[in-house]
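Please read the structure below before turning to the comments.
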Amino acid sequence: MNSDQGDTLVATSPPGRWPPWSTLVRFAVRQTLRSRRAVLVYLLLALPPVVGIITVHAADISDARTSAQIYWGLTLAMMLTASLPLAAMLSCGPLVSNEVSDGTLVYLLTRRLSRQSVLLAKFLGAVFSLVAVSVLSQALLVVTFAFGRYGLTGAERGAALVGGFAIVAVGAVVFAAVFNVISMIFRKPLAVGVGFLIVTEWIFLTLPVGIRRLTVGYHLRSLLNGITDSPILRSMLAERAGDGLWSAGASGGILVAIVAGALTTSAIIMMWREFTQAREEER
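The opening position of the sequence shown corresponds to residue 3 in the working numbering, with each subsequent residue numbered one higher.
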């Protein structure tokens, strides 16, 4: 048994107690939350609220507008650009690459499940875990700036709750799908994933708007701009993007297409591997 995976799937799923598909989802949740990489995930997602707490106590915050600017700055620059994508890479990258060590292969043989079902079930379990931890981190960030003498005002507090929670949840799903398919295509998914982040989500976001539209971060910001009633956030985004932001509907559609395309590609890769494996066995 791989020590990074915790309990094996077969050992934690008594026959007949749970439907096979839901057992895979529950196992993926447990695997994501208990693996050694989970510690790094927790640390990465803890960074924004920790930095927020330090800023509140160290900076000279003199009004509620400054609190809102710092909150949205940490959400955009730290959570959406660094902590969340890195956490998704660590937690959702190796989902389907360790079928032998975590017991999934044996479970497939005994329950007669397709690998496509396994892909979707393990993805949903890992995404549920990632979303839960990410939203908790964002909640701590909101609490840090929502109260106190110069805390967020009522309108900004509501925008921070609705917009912050929604965009973190959406971002977790999108980045999880992207890094899942990267892990299936490349033999060194962590190295490729880091390169993907550096090029597309960090370098591209500093280039003209036509190139920024190729990034997940751009469409997350456009979606956030459309669903959040925060003048302070919109002025911050407009200062950086000008009139280049798309509508929430357009960017939301792009993000849905990215997730659907990533999952479809992963399923096709699995089918191709099964096909080539079957041909080799026939020989």
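We put the beta carbon where it would ideally sit given N, CA and C, even for glycine.
Nearest candidate by alpha-carbon position, reference residue 249, set 238, 237, 226: 226
Whether residue 130 touches residue 265 by CB criterion (8 Å): no
Residue 151 in three-state terms, based on DSSP: coil
Expected contact under 8 Å - CB spacing of residue 50 and residue 139 to nearest Å: 6 Å
Distance, residue 83 Cα to residue 141 Cα: 18 Å
Residue 210 burial status per 10 Å Cβ neighbour count (16 or more: buried): exposed
Residue 344 burial status per 10 Å Cβ neighbour count (16 or more: buried): The structure shown does not extend to residue 344, since the chain spans only 3 to 285, so no value can be given for it.
Stretch-stretch touch, CB-based, cutoff 8 Å, three pairs: the stretch 229-240 with the stretch 185-201: no
Own chain partners of residue 143 with C-beta closer than 6 Å, once the 5 adjacent residues on each side are dropped: 50, 51, 54
Where residue 239 falls: helix, strand or coil (DSSP): helix
Buried versus exposed, by CB contacts within 10 Å (16 or more), residue 216: exposed
Contacts around residue 57, its chain only, beta-carbon distance under 7 Å, and the 5 residues preceding and following it disregarded: 72
Three-way DSSP call (helix, strand, coil) for residue 189 in this model: coil
Residue environment, residue 237, which counts as buried when at least 16 other CB atoms sit within 10 Å: exposed
Extent of the continuous alpha helix (DSSP H) run through residue 273: 250-284
Assigned exposure category for residue 150 - 16 Cβ within 10 Å defines buried: exposed
The alpha helix (DSSP H) enclosing residue 222, as first and last residue numbers: 218-229
Sub-8 Å separation of residue 195 and residue 81 beta-carbons: no
Burial state of residue 166, where buried means 16 or more other Cβ atoms lie within 10 Å: buried
Span separating the alpha-carbon of residue 65 from that of residue 239: 20 Å
is_contact[residue 241, chain B] using C-beta, thresh 8 Å: No chain B is present in this structure, which holds just one protein chain.
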